[in-house]
């Protein structure tokens, strides 16, 4: 509420510009004359009346000051509201934008970002620090050094540069270019938004490890969702990229690395010479349906051969980072980059993903309107893998079983409290789901009943699209905004198998409680559990020992790569050096 406007609104009793010919003006003039005569007469009776009025006014003011705190009210609501965050303080002053005492220190996220961008072109890049808790996870100095080195490489070899144009000309001519000064990974736009975000982070880490420049197929909406992450250049693949058919590459394409190995086009060893001329580009099929030969991408000797190829065109819908950590070739470098192994997506996600101004507007307006002034914020992400739309009662029952057991939300009682407590905490619940039924049930439960601990519970859901519409721009804008809003909450509950939830927990840097996938529409027991780490799950990892050339449980090789809580065959990073 704009209190400035309320204070400036003319009083209904005292018109600041009265009409001298009105009856009200004459009555006010007569009343003021009588009051002046009584107060200025100097009689003892008049003085006694003045003293009595003054005493009553003082008593009323004292009573008001006592009652306000007891009613859970604060003068801050009328003057300004402040929200304490860990490490800094966000202040909302008379409807103005949030301010932070340590904005200059926090806005670069511990050195992940650099202060070389035009702020107005991407407001979220530097403003997001004012909406988020200070992360306890500090990026390593070596990661910061490598990010700066990558930025310099991208600036030198990115689209429009002399080196880029030269190597594209060679690609057009079909020439083989060995040990080129600039080498590239081209990521094909594929799958839903959550999968795309996880794959992009994985591909960027691979580019960082192999000194390649990452170029991203813009698809239909990438430029509308994310700001450019690298200074003075672009990560978007130019529209005139000469490999026109790259979007149609798939598992059976002859250009795929797996099929080339299967057909013995060249030896899959870095030491052996190729049987045929090494092509200027190769397609890497790393999607969920990839075959055994495709999975050899995660073997050291195959990487030696791939290093000779200037253009790698990659398609994936997976967060394949855990398997990079199992490769001896990159083991030492990854440990230097991420001494705390479960922070890979947390750091890379905050470095790469900045909502565009239109998406940031969705985030900022919703947060300030519904979430900012709550004492605590709880995020609930519900993803149901059913053919019917729902809502399903067993899913809601599972949610209640989880939040009650883990003490994330208070129980309810039909009894009304007799007295207002000295201070009533407020809790805002943000629900994201394709269906509105779950938030409506939760909202009605806390409207029709009181919370047993006296908390005031508010339930909000920004959108309910009913079904996934990955091809629609506004659908993806809302999805990205809701992932980001979830990452601004204090506690997080996510759904099994959901990349949407993985993105939110990684950006937030928190370990969520994950709702297990129900079977036969019954509530699992337990309903949920706290995850081992904030890292996403790799849903389709290879189970292959490159040295022994046989199958192996890749979730049991090293203590820092384990099987996921929500998918028994998946892999995720944890920050452990011992079993």
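Numbering (my numbering), first residue to last: 1 to 579. Each residue gets a CB set at the ideal place from its N, CA and C atoms; glycine is no exception. Only a predicted model underlies this, so the values are computations on that prediction, with no experimental measurement involved.
| Check | Outcome |
| --- | --- |
| Does the distance from the CB of residue 583 to the CB of residue 381 come in under 8 Å? | Absent from the model: residue 583. The displayed extent of the chain is 1 to 579, so no value can be given. |
| Taking residue 402 as the reference, give the member of 514, 566, 124, 505 with the closest Cα. | 514 |
| In angstroms, rounded to a whole number, what distance separates the CA positions of residue 539 and residue 559? | 19 Å |
| With 16 other CB atoms within 10 Å as the buried threshold, where does residue 343 fall? | buried |
| Of all the options 311, 451, 107, which has the alpha carbon lying nearest to the alpha carbon of residue 127? | 107 |
| Only counting the same chain, and skipping five residues up and downstream in sequence, which positions put a Cβ closer than 7 Å to that of residue 242? | 168, 171, 172 |
| Could I get the ranges of all uninterrupted beta strand (DSSP E) runs contained in the stretch 403-453, with 3 residues as the minimum, in chain order? | 426-432 |
| By DSSP, does residue 550 sit in helix, in strand, or in coil? | strand |
| Applying the criterion that 16 or more other CB atoms from any shown protein chain within 10 Å of the CB defines a buried residue, is residue 571 buried or exposed? | buried |
| What are the partner residues of residue 283, as DSSP defines its beta bridges? | 256, 313 |
| Measure from the alpha carbon of residue 183 to the alpha carbon of each residue in 293, 207, 304, 310, then state which is nearest. | 310 |
| What is the DSSP secondary structure of residue 28, reduced to helix, strand or coil? | Confidence at residue 28 is low in this model, with a pLDDT of 41, below 50, so the placement of that residue is unreliable and no value is reported for it. |
| Ignore the nearest five residues each way along the sequence and tell me which others in residue 446's own chain have a CB closer than 7 Å to its CB. | 412, 457, 459 |
| Using the beta-carbon count (16 or more within 10 Å), is residue 505 buried or exposed? | buried |
| For the beta strand (DSSP E) that contains residue 382, what are its first and last residues? | Note, residue 382: premise wrong, no beta strand (DSSP E); not H, not E. |
| Give the straight-line distance between the Cα atoms of residue 561 and residue 195, rounded to the nearest whole angstrom. | 20 Å |
| For residue 400 versus residue 438, is the C-beta spacing smaller than 8 Å? | no |
| Please name the residue or residues paired with residue 519 in a DSSP beta bridge. | 522 |
| Buried or exposed: where does residue 199 fall if 16 or more other Cβ atoms within 10 Å of its Cβ makes it buried? | buried |
| Excluding the 5 residues preceding and the 5 following residue 563 in the sequence, name in chain order all residues of the same chain whose CB lies nearer than 6 Å to its CB. | 555 |
| Report all residues from its chain with a CB closer than 8 Å to the CB of residue 529; omit the five preceding and five following residues, and keep chain order. | 513, 514, 516, 565 |
| Assuming residue 374 contacts residue 426 under a Cβ cut-off of 8 Å, what Cβ separation, rounded to an integer in Å, is found between them? | 5 Å |
| Give the single residue among 362, 487, 181, 252 whose Cα lies nearest to the Cα of residue 508. | 487 |
| Assuming contact is defined by CB atoms lying nearer than 8 Å, are residue 424 and residue 442 in contact in what I supplied? | no |
| Is the separation between the beta-carbon of residue 417 and that of residue 390 shorter than 8 Å? | no |
| Kindly provide the ranges of any alpha helix (DSSP H) runs that are 4 or more residues long and lie completely inside the stretch 316-341, ordered along the chain. | 321-324, 328-337 |
| Which residue comes first and which comes last in the beta strand (DSSP E) that contains residue 494? | 491-495 |
| Just to confirm, are residue 492 and residue 379 a CB contact at a threshold of 8 Å? | yes |
| Got a sec? Which residues, its chain only, sit under 8 Å from residue 294 by beta carbon, not counting five neighbours each side? | 251, 256, 257, 258, 284, 285, 286 |
| Please report how far the alpha carbon of residue 139 lies from the alpha carbon of residue 520, in whole angstroms. | 43 Å |
| DSSP three-state call for residue 542: helix, strand or coil? | coil |
| Measuring only the C-alpha atoms, how far is residue 120 from residue 129? | 16 Å |
| Taking just the CA atoms, how far does residue 165 sit from residue 209? | 24 Å |
| Determine the DSSP secondary structure at residue 216, reduced to helix, strand or coil. | strand |
| Sorted by chain position, which residues of the same chain lie with C-beta nearer than 6 Å to residue 414's C-beta, five sequence neighbours on each side aside? | 449 |
| Just to confirm my understanding: we take residue 116, look at its own chain, exclude 5 residues before and 5 after, and list those with CB closer than 7 Å. What are they? | 231 |
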